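Visitor:
Residue numbers (my numbering), protein chains in the order written: chain U, 33 to 368; chain S, 33 to 368; chain E, 33 to 368; chain A, 33 to 368.
(1) Sorted by chain position, which residues of the same chain lie with C-beta nearer than 7 Å to residue 226 of chain S's C-beta, five sequence neighbours on each side aside?
(2) Going by C-alpha to C-alpha distance, which of S/147, S/198, S/164, S/306 sits closest to residue 78 of chain A?
(3) Which same chain residues end up closer than 6 Å to residue 235 of chain E when comparing Cβ atoms and leaving out the 5 residues on each side of it in sequence?
(4) Just to confirm the assignment, what range does the alpha helix (DSSP H) spanning residue 350 of chain A have?
(5) Which residue from U/95, U/106, U/109, U/136 puts its Cα closest to that of residue 119 of chain U?
(6) Should residue 222 of chain S be flagged as near chain U, meaning a C-beta pair shorter than 9 Å?
(7) Just confirm the distance between the C-beta atoms of residue 303 of chain A and residue 165 of chain A, as a whole number of angstroms; I'd bet it's less than 8 Å.
(8) By the 8 Å beta-carbon criterion, what residues does the region 40-54 of chain A contribute toward chain S?
(9) Could you please give the first and the last residue of the uninterrupted alpha helix (DSSP H) stretch that includes residue 182 of chain U?
(10) Looking at chain U, is there any beta carbon in it that lies within less than 9 Å of the beta carbon of residue 368 of chain E?
(11) What is the DSSP secondary structure of residue 112 of chain U, reduced to helix, strand or coil?
(12) Does residue 219 of chain U have its Cβ less than 9 Å from a Cβ in chain S?
(13) Count the other C-beta atoms from every protein chain shown that fall within 10 angstroms of the C-beta of residue 324 of chain E, then say buried if there are 16 or more, exposed otherwise.
(14) Does the pairing of the region 205-213 of chain E with the region 274-294 of chain S give three or more beta-carbon distances under 8 Å?
(15) Helix, strand or coil for residue 306 of chain U? Go by DSSP, reduced to three states.
(16) Tell me which same chain residues have a C-beta within less than 7 Å of the C-beta of residue 123 of chain S, skipping the five on either side of it?
(17) My understanding is that residue 45 of chain S touches residue 104 of chain S, with C-beta atoms under 8 Å, so please give their C-beta distance in whole angstroms.
(18) Going along chain U in order, which residues have a C-beta closer than 8 Å to the C-beta of residue 6 of chain A?
(19) Kindly indicate which residue of E/87, E/238, E/290, E/139 has the alpha-carbon position closest to the one of residue 150 of chain E.
(20) If you reduce the DSSP assignment to three classes, tell me which class residue 165 of chain S lands in.
(21) If you draw a straight line from the alpha carbon of residue 51 of chain E to that of residue 76 of chain E, how long is it in whole angstroms?
(22) With H, G and I counted as helix, E and B as strand and the rest as coil, what does DSSP make of residue 199 of chain E?
(23) Measure from the alpha carbon of residue 268 of chain A to the alpha carbon of each residue in A/298, A/313, A/292, A/317, then state which is nearest.
(24) What residues are listed by DSSP as bridge partners for residue 256 of chain S?
(25) Grab me the residues of residue 247 of chain U's own chain with a C-beta within less than 7 Å of its C-beta, minus the 5 sequence neighbours each way, in chain order.
(26) How would you label residue 33 of chain A, buried or exposed, when you count the other beta carbons within 10 angstroms and need 16 or more for buried?
(27) So which residues on chain A does residue 205 of chain E lean against when the C-beta distance must stay under 9 Å?
(28) Suppose you measure from the CA of residue 359 of chain U to the CA of residue 81 of chain E; what does that come to, to the nearest Å?
(29) State buried or exposed for residue 321 of chain S, treating a residue as buried only when at least 16 other CB atoms are found within 10 Å of its CB.
(30) Is the beta carbon of residue 39 of chain S within less than 8 Å of some heavy atom of the ligand GTP?
(31) Return helix, strand or coil for residue 137 of chain S, following the three-state DSSP convention.
(32) Report the neighbours of residue 213 of chain E on chain A: residues whose CB is nearer than 7 Å to its CB, in chain order.
(33) Between residue 38 of chain E and residue 42 of chain U, what straight-line distance do the alpha-carbon atoms span, to the nearest angstrom?
(34) Helix, strand or coil for residue 251 of chain U? Go by DSSP, reduced to three states.
(35) Going by the DSSP bridge assignment, what does residue 64 of chain E pair with across the sheet?
(36) Where residue 73 of chain U and residue 86 of chain U are concerned, what is the direct C-alpha to C-alpha distance, given to the nearest angstrom?
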């Protein structure tokens, strides 16, 4: 049994972490910090947690003491908090972008921030780095778009089947966070599709970093906001260097993700859909169709707040502490 | 040909006024004021107006000079602006709540504001007050909920058929305005129905004021936000004092709204729907069904930004200046 | 450990039953019947169940053998199936309307069907009839609208506080079932609110039957379809016979639902919201505000497919077999 | 003044044709045919037309007599109807795919139909073929996806800037027509993104045919259904063969579409949005951003039922008869 803290628990990722931790059989106490909501029951911010006996507490990060801390803090804020936790031998899963990059220059360029405290961290994609995560004290939880895009692209890269991937992603609005903005205003994003950060989204270099480890592949990435609450549907368009069949490609994916409990490779006649993964930690990957120009389409579906954030963070915790990888995450999607 | 100004043209009602004024055959110049967007083309805020050659201008209200001014200003701000315009013999259609109340005490209580400058104004519901509007120099444009609720309730009140109306309204999110808030945040209002201001919405006393002029009827009112961009569907539940038929009630409505160009009374087998009025100035009224308890249901549908705001304001302008009541408004809804 | 069958498992209620049964610690084998999909894996119809090793089977009801059968069959079909199951000492939870009525005449009038096989059944609302359900072999699972409406109305009726309830319900589209119709066509119900069966929905007499047992209260009911996938938000408007306070009414509700694990009475400053119960078996009840006319508003929120159907059916099964009432249902809502 | 007929007027394209024809100053009588709804007022099917005095009539195509006929008939049905109309010297705008292809083999392969009656037709994209349309008696109105995709791609093809275009389109559900299907069922397409016909949509060869006329460019195309009623947002991903700037590309587009009244080229800091064109005949094109891999993104937005179908058909009619190209179409989008 472990004690768990969430720093910055009042956002959507905080709410989702609490949803899973609540029923986690290896978790003893939960501490949820928030400056703004100190003393308030968590259900006043996260209404689905109604009945949960837990209040936000305004504890400064240096005073937080537990076996693991989830830093659900903004980019740029985590780097001020994480080093002290690590020094005090507390395991950390950081949900910001601060520790995702091997090359600090890339981080500083794309996030337009100076990194004050680089540390060794493991990129928290368990399907790839499970062994390293087991021994890590700092795990950098992947971004939401990268999770769907990388899982859909890696087998193609590893098999040297492609040189370039063009990733066209469609994200639900919860990906923009709990704070209202012009982009999340219902009359703007309802009944609409909004492309944004067309060529310069900071998830691009994160995808590029991971894909490049498996092959010499260039990444192009464009995200869109769609009138959906949760979910990212990623359409990967790329051109095959060799003349292979859909069946062959499916076999490559089957092999690559064998015994990965949260990746489901679909049959050739199935298409991933958001409702199949809504609220769950699954990443569904499918399609593998090849057109007359040698373009292959691979499609993935995840819940951006679960496999794209908090569910994956719990999966990382489970691996770090030797728990069952599926503990507290063994729930299916909400369809319809 | 007249010159028209909009004070506060950067909100949704401003955008809609421009949509109608753009094609109005009696309008000469249009002035659109905005402090925030001075010098910017209107299409940068109202993207549907792309191609319209008009810039926002930061002109103080006392400097605005035209034949008519629409004050699309917040409650409490209009009262600081309107008296000076009226003094300068400029006609005004005020879209705020500041001039809608016969009894200033009721305004001050429900709006929690001190009224600094009461004036004689005509309540701008043309189906009822067309003759007064013709001669008015200040028209108080009705609220969006009151427009749908009053038009659906008046014939029952006038015929002394009921003592109480229970109004359950469902509004699209654009009714909350152009500014993002927690309530308009897509993950909050999408896939949801949000009752609000359950018993104390300030449109209640406005509905009460107008219905009471036609009969001794008590008004209860509860609004809900639904995941819709435009439109208000109003369900009026009330109990008949006499044993009448649906046919009879429909005849009452047919008579009451005879020759009112923007009210359409539906056949008994039809139900009002938002898409039939979307983008248009129509108010569709129908249903008239009576249940085993003597409860009758009357339903109205309007576009909250058109008949519930800017379209009605143009209709009032048309009447004030002796133009065809339908000028610039003769467009049907957008279905589907 | 029990064996469970679902007759008619290819609809939404079938899919939801499987979602809960999958993780139920007292369930041994599951049989899912479907004529249309015989031999097909359940996940081809219910994509969220991907990975579940279960195929639909075309077994005739008389051949189904298990400890309990859920009849997820249409109104009129259950009466042909249930008697044989009961004769064979199989417990039944029927999700149709066929066994919900004490008075067969009312059933036959409102469902426009001849009832060929009346049986003694317990109305499966565990908050009211838990003791009877314990001993029942046939439980009639309540309708979705009645569940939200009855739970919101009963305390008022029992305390003799009101004479009439006017129920205005807003339902998600999944309530219309898995089969596409004109009403569920996205361009029709998206961006729209559709009142239907204004005074003659067959859930009205079901609500009336149950409320009348607690007090002499007349029921008026009007449902609306809103652009929401899951959830029913019920607004109960009614007039108080006595001058009581919101605090008092809340106390009445607190007392009535004490130790009912799936009803949550909200604080006076909270409003029920669909996302707080989405995917869960909770019914949230709140508001209790009283207006100047003595009208009180009570609002409830449920997930129509869970507390309004399959979750409640599992809750009934748990009670019938002496399992923990919350087994397999101890999951919170999906917010946002 | 001309007389106009619509064969198959009960679908969405029929409803939109009527919306524009209603206010067209050069149109005398309108005939709307429908077998199913013979004798019924058009507003019973198209509720936004409430108040329009027009009934569907069951007239066989050979009996239809007017100056122009819009055949809003299914693929495969138009070829049985159009030849007789042309023989009788009636101008035709065909909204099906039957006359869009130069090469009948391609039509027969992709539509899986035998073409019984090929005729000379002009492809009705006025921005390209205006001169030919002037003299045509048969215009094949383009498909909805092709309209957005071709207009976004042609300038790149003509300038020989690219070799391949990868078109990722997101369509509103009205594109699937008025008939309910599993794909248009709200619980399926709401809160979801559904890729379909991934590599074999029959609009692909139509796009390919037109793009190839301007340059040796290969087309890949994948459509998605998004929870939107109207609109197609097309994201064109392609790789530049030369090192040019965004400014240069914008100039190319500005030049290509100079004096085309319904194409608006956006400033570099603007992104096309569906609400800016909703209900209108505009096609907005913008973005022109170039990433580190030399990929350029061009985005277009249209209303699939207007510029993608009925609005374009009216535009074609206007050109065929020498009317003002904008007659009846000079309306802006509905934002928000």
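Yeah, the Cβ is synthetic: ideal placement off N, Cα and C, and Gly gets one too.
Keep in mind that this is a model prediction, so the values were computed, not measured.
Guide: Here's the rundown:
(1) The residue you call residue 226 of chain S lines up with position 194 of the second chain. Within its own chain, the residues whose Cβ lies closer than 7 Å to the Cβ of residue 226 of chain S, once the five positions on either side in sequence are excluded, are 215, 256, 257, listed in chain order.
(2) Here residue 78 of chain A refers to the residue found at position 46 of the fourth chain. The option with the nearest alpha carbon to residue 78 of chain A is S/306.
(3) Start at 1 with the first residue of the third chain, and residue 235 of chain E comes out as number 203. Closer than 6 Å at the Cβ level, and outside the excluded window around residue 235 of chain E, lie 175, 177, 178.
(4) Numbered from its first residue, the fourth chain carries residue 350 of chain A at position 318. Here the alpha helix (DSSP H) through residue 350 of chain A covers 343-352.
(5) If you number the first chain from 1, residue 119 of chain U lands on position 87. The shortest Cα separation from residue 119 of chain U among U/95, U/106, U/109, U/136 belongs to U/95.
(6) As a working note, residue 222 of chain S is residue 190 in the second chain. Yes, its Cβ sits closer than 9 Å to a Cβ of chain U.
(7) Your numbering for residue 303 of chain A matches position 271 in the fourth chain. Your numbering for residue 165 of chain A matches position 133 in the fourth chain. Going by Cβ atoms, the distance from residue 303 of chain A to residue 165 of chain A rounds to 31 Å, so no, they are not a contact pair.
(8) 44, 47, 51, 54
(9) Mapped onto the first chain, residue 182 of chain U falls at position 150. Following the DSSP letters along the chain, one finds residue 182 of chain U inside the alpha helix (DSSP H) bounded by residues 176-190.
(10) Walking along the third chain from the start, residue 368 of chain E turns up at place 336. Closer than 9 Å to some Cβ of chain U, the Cβ of residue 368 of chain E qualifies, so yes.
(11) Translated into positions along the first chain, residue 112 of chain U becomes position 80. Helix at residue 112 of chain U.
(12) For this step, residue 219 of chain U is matched to residue 187 along the first chain. At least one chain S Cβ lies under 9 Å of residue 219 of chain U.
(13) Start at 1 with the first residue of the third chain, and residue 324 of chain E comes out as number 292. Classification of residue 324 of chain E: exposed, given that the 10 Å Cβ count is below 16.
(14) no
(15) Translated into the one-based positions of the first chain, residue 306 of chain U becomes position 274. Helix.
(16) Translated into the one-based positions of the second chain, residue 123 of chain S becomes position 91. Same-chain partners within the cutoff: 99, 100, 169, 352.
(17) Numbered from its first residue, the second chain carries residue 45 of chain S at position 13. Numbered from its first residue, the second chain carries residue 104 of chain S at position 72. Indeed, because the Cβ distance is near 5 Å, the residues count as touching under 8 Å.
(18) This structure cannot settle anything about residue 6 of chain A, because the visible part of chain A is limited to 33 through 368.
(19) Mapped onto the third chain, residue 150 of chain E falls at position 118. Looking at the Cα atoms, E/139 is the closest of the given residues.
(20) Taking the first residue of the second chain as position 1, residue 165 of chain S is located at position 133. In the structure shown, residue 165 of chain S sits in a helix (DSSP, three-state: H, G or I).
(21) Indexing the third chain from 1 puts residue 51 of chain E at position 19. Indexing the third chain from 1 puts residue 76 of chain E at position 44. Cα-Cα distance, rounded: 14 Å.
(22) Against the third chain, residue 199 of chain E aligns to sequence position 167. When secondary structure is reduced to three states using DSSP, residue 199 of chain E falls in the strand class.
(23) Residue 268 of chain A sits at position 236 when you count from the first residue of the fourth chain. Minimum Cα distance to residue 268 of chain A is reached at A/317.
(24) Walking along the second chain from the start, residue 256 of chain S turns up at place 224. Answer is S/202, S/227.
(25) Counted from its first residue, the first chain places residue 247 of chain U at position 215. Annotation for residue 247 of chain U: 189, 190, 192 place their beta carbon closer than 7 Å to its own, counting only its chain and skipping 5 residues before and after.
(26) Locating residue 33 of chain A in the fourth chain gives position 1, where the first residue counts as 1. The residue in question, residue 33 of chain A, is exposed, as its Cβ has fewer than 16 Cβ neighbours within 10 Å.
(27) Locating residue 205 of chain E in the third chain gives position 173, counting from the first residue. What residue 205 of chain E touches in chain A: 217, 218, 219, 222.
(28) As a working mapping, residue 359 of chain U is identified with position 327 in the first chain. As a working mapping, residue 81 of chain E is identified with position 49 in the third chain. Near 18 Å, if we compare the C-alpha coordinates of residue 81 of chain E and residue 359 of chain U.
(29) Taking the first residue of the second chain as 1, we reach residue 321 of chain S at position 289. With 16 or more other Cβ atoms from the protein chains shown falling within 10 Å of its own Cβ, residue 321 of chain S counts as buried.
(30) This structure does not include the ligand GTP; it has no bound ligands of any sort.
(31) In the second chain, residue 137 of chain S corresponds to position 105, counting from 1. Note: residue 137 of chain S maps to helix in three-state DSSP.
(32) One-based indexing of the third chain puts residue 213 of chain E at position 181. Simply 212.
(33) The count along the third chain starts at 1 and reaches residue 38 of chain E at position 6. The count along the first chain starts at 1 and reaches residue 42 of chain U at position 10. Computed Cα separation, rounded: 41 Å.
(34) In the first chain, residue 251 of chain U corresponds to position 219, counting from 1. Of the three classes helix, strand and coil, the one that applies to residue 251 of chain U here is strand, per DSSP.
(35) Looking up residue 64 of chain E in the third chain gives position 32. BP columns for residue 64 of chain E point to E/38, E/88.
(36) Walking along the first chain from the start, residue 73 of chain U turns up at place 41. Walking along the first chain from the start, residue 86 of chain U turns up at place 54. Cα to Cα, the separation comes out at about 6 Å.
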